[in-house]
């Protein structure tokens, strides 16, 4: 099953302005990170927002059976724009299928 690219799906999504790890305010124009997960009924869903200093490099540990991604973008008017994928953890079965 093909899922939409998380960066494309989350580009322009509304998000909070406080880092979920250090509580620092994320200012207009700052680079920020976003953790999101895929749900069959809801699509890509934002879960956490981080300042760039606190944003992890990878999904670690990955949740078994979940499609998760860490994205980077620019915080603009309470939205994340110019989003790229920093890391993605595919469900175990899909990851195994891709390596075969």
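In the working numbering, the protein residues as written are 840 to 939. Where a beta carbon is used, it is the ideal one built from N, C-alpha and C, also for glycine.
Item to check | CB of residue 875 within 9 Å of CB of residue 896, strictly | outcome: no
Checklist entry - In chain order, which continuous runs of the beta strand (DSSP E) of length 3 or greater are located wholly inside the region 840-910? => result 870-878, 882-890
Checklist entry - Where does residue 924 fall in DSSP's three states? => result strand
Checklist entry - Is it true that the CB of residue 894 sits closer than 9 Å to the CB of residue 916? => result no
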